[in-house]
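Participant: Got a structure for you, written out below as C-alpha cells; questions coming shortly.
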Amino acid sequence: MRYELEMKTLSTVISGEIKEEERRRKERAGVHLPCRITADGRVAVPVYGALRGYAEIALRANGEDVCDTGGKGTKGCGKCVLCDLYGSLGMRGRAMIDDLRSVENYDSVVKKVMHVKLDREKGNVSDALGAEEIQEGTVFTGNIVVLNPKARDTELINTGIEGINQFGLGGWLTRGRGRVELKIANVERKSWGALVEEARKKAKELLEKK
Ligand SMILES: [Zn+2]
C-alpha cells in the first residue's frame, strides 16, 4: 500500500540537519540550526519520529497498550500495534517512510534568519543564533509504503498525522514554528503479482534491446 503524503507549511519550520559534517560546516558560517538539503537541492523533512511519537502518546492516552520509544535506549516492545507497523530494534516494521521533500528548490523556500537573545536586565544582545527557516506556504511531498497492509494501518498513520497537524513538526514549537498541514493525498494498492509482472516486462525490454 502506498500512501502519498502532501504537506504545506503554515508557519516557518525549523527542521534540522543530521549530518555532523554538514552541521559543522554551517556552524562555521554562522548557522547553528541548518536545515537538511538533498543532493538535488531540495529540502528534506523527516516525519517518521513525529508520526510514531504522536501516535504513541494519543493511543496510550486513549487506554491502549503501546510502547514508548522516545526514551534514551528504548528499543520498542516488539508486540504492540505500533511496533508491528513501525518496527522495533530487531524487527523490521512494515512501513517505509520517506523524508518529505520540498517541491521547490532549497534557495527559494529557505531563509537564513538571526535570532537574538537579550540580556534581561540591560536589554543588550547577549547572544545570537543563526537558523535556516523553511518559509510559510512551502509544499512538500513524500511516500509511506506499507508492506502486507492491515486494516488498521491507515487509522494509525492518520493518528500521527493529526498529531502533527495539531502540535507541529520540527523544532521551536513553543515559539510558533512548525505549524503544518499534512494529509494523505492518495492511496494506491499494489499486489506482489503486479510487481512480478512489471519486472518481467522490464526484463523483456532489456533483452529485446540486445
Ligand atoms: Zn511496541
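If you're matching positions, the sequence shown starts at 1 in this note's numbering and goes up one per residue.
The beta-carbon is built from N, C-alpha and C at its ideal position, and this holds for glycine as well.
Give the secondary structure of R2 by DSSP, where H, G and I count as helix, E and B as strand, and everything else as coil.
Facilitator: strand
Participant: If you draw a straight line from the alpha carbon of G168 to that of K209, how long is it in whole angstroms?
Facilitator: 51 Å
Participant: For the alpha helix (DSSP H) that contains K209, what are its first and last residues?
Facilitator: 192-209
Participant: Taking 6 Å as the cut-off, is the CB of G76 close to at least one heavy atom of ligand 1?
Facilitator: yes
Participant: With DSSP run on the structure shown, which of helix, strand or coil describes E27?
Facilitator: Of the three classes helix, strand and coil, the one that applies to E27 here is helix, per DSSP.
Participant: So if DSSP puts I127 in a beta bridge, which residue, or which two residues, is it bridged to?
Facilitator: Sequence inspection shows Asp at residue 127; the Ile mentioned does not correspond to that position. Partner(s): K117.
Participant: Taking its Cβ as the centre, do 16 or more other Cβ atoms sit within 10 Å of A29, making it buried, or is it exposed?
Facilitator: exposed
Participant: Looking at C-alpha atoms only, which residue of C80, G49, E56 is the closest neighbour of M91?
Facilitator: C80
Participant: At which residue ranges does the region 41-78 contain complete alpha helix (DSSP H) runs of 4 or more residues, listed in the order of the chain?
Facilitator: 48-61
Participant: Straight-line CA distance for K204 to T38?
Facilitator: 34 Å
Participant: Can you tell me which of the three DSSP states T38 falls into?
Facilitator: coil
Participant: When every heavy atom of ligand 1 is checked, does at least one fall within less than 6 Å of the C-beta of C35?
Facilitator: no
Participant: How is G16 classed by DSSP in three states: helix, strand or coil?
Facilitator: DSSP places G16 in the strand class (E or B) of the three-state scheme.
Participant: Can you tell me whether T12 is buried or exposed, with buried defined as 16 or more other CB within 10 angstroms of its CB?
Facilitator: buried
Participant: Does the region 93-105 come into contact with the region 130-139, if we say contact requires no fewer than three beta-carbon pairs (one atom in each stretch) closer than 8 Å?
Facilitator: Yes: the two stretches touch, three or more of their Cβ pairs being nearer than 8 Å.
Participant: Taking the C-alpha atoms as reference points, what is the distance between Y48 and G160?
Facilitator: 9 Å
Participant: Kindly indicate if chain C contains any beta-carbon less than 7 Å away from that of V116.
Facilitator: The question asks about chain C, but that chain is absent: this structure has only one protein chain.
Participant: Strictly by DSSP, which residues pair up with E181?
Facilitator: Looking at the DSSP assignment, E181 forms a beta bridge with K8.
Participant: Which residue comes first and which comes last in the beta strand (DSSP E) that contains T141?
Facilitator: 139-146
Participant: Please classify V196 as buried or exposed, where buried requires at least 16 other C-beta atoms within 10 Å of its C-beta.
Facilitator: exposed
Participant: Our contact map puts N143 next to L5 with C-beta atoms below 8 Å; I'd like the distance itself, whole angstroms only.
Facilitator: 7 Å
Participant: Between the Cα of Q135 and the Cα atoms of R200, R179, K75, which residue gives the shortest distance?
Facilitator: R179
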